[in-house]
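Sequential numbering from 1 applies to the sequence shown in the UniProt record's numbering.
Each remark here refers to the structure printed beneath this line.
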Amino acid sequence: MVAPRVLIMGVGNILLRDEGFGVAAVNHLEKNYYWPENVRLQEGATQGLLLMSELEECDLLVVLDVVLGGKEPGTVYLLENEDLSRSLSFQGSMHQTDLLQTLQVCELAGCRPQCLAFGLQPFDWRTMQVGLSPEAEAMLPVFAEKVVAELARRGIVARRKETA
């Protein structure tokens, strides 16, 4: 059996504080975990349709982002199937709408990957400043552990790198 091609993509606008959480999260996962050969980690930032070629080459897309779900800041969401579409359409930010449109174009082209998203309810996404809020920064290890645990449950196992 061929292992699925997995793309873990951190998206967000790094110029708006916690809006860049997905980008920081994918960098954290790359720095702190060893991943199987069938898994790629990448920053998606706010590229929209420019990501289509990347999406065509994966079987499972894992999006890391912020989600405005109405819960307490720091809440971690796991979204898939209909929940994913609703969130990307109505509760997300500009780059999520671009990602949803890109996925719809992929579907029309017959190459839409399975998708799931991990999102953090942000603490501060309105301040124009590079860098996460201290609260969001502190959430990176917790968020990463939830992503790694859920992917392991689905048969995609990462190993934590030992820190010296």
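Quick reminder that beta carbons are idealized off the backbone N, C-alpha and C, glycines included.
Remember, predicted model here, so these are calculated numbers, not experimental data.
- A136 has its alpha-carbon roughly 20 Å from the corresponding atom of V62.
- Annotation: the region 110-150 contains the following complete segments of the beta strand (DSSP E) (minimum length 3 residues), in chain order: 114-120.
- The Cβ-Cβ distance between L79 and L120 does not fall below 8 Å.
- Rounded to the nearest angstrom, the Cβ distance from Y33 to V148 is 6 Å, consistent with a contact under 8 Å.
- About 18 Å separates the beta carbons of G70 and M139, which is beyond the 8 Å limit, so they are not a contact pair.
- In the structure shown, E80 adopts extended strand secondary structure according to DSSP, grouped into three states.
- With distances taken between CA atoms, G12 lies nearest to F118 out of E37, L60, D59 and F118.
- Here A24 is buried. Its C-beta has 16 or more other C-beta atoms within 10 Å.
- Taking a 10 Å sphere around the C-beta of R17, we find 16 or more other C-beta atoms and assign the residue as buried.
- E162 and E57 have their alpha carbons spaced roughly 31 Å apart.
- Secondary-structure assignment with DSSP links D65 through a beta bridge to G119.
- Beyond the five residues adjoining it in sequence on each side, E19 comes within less than 8 Å, by CB distance, of G12, N13, V66, S93, P122 and W125 in the same chain, given in chain order.
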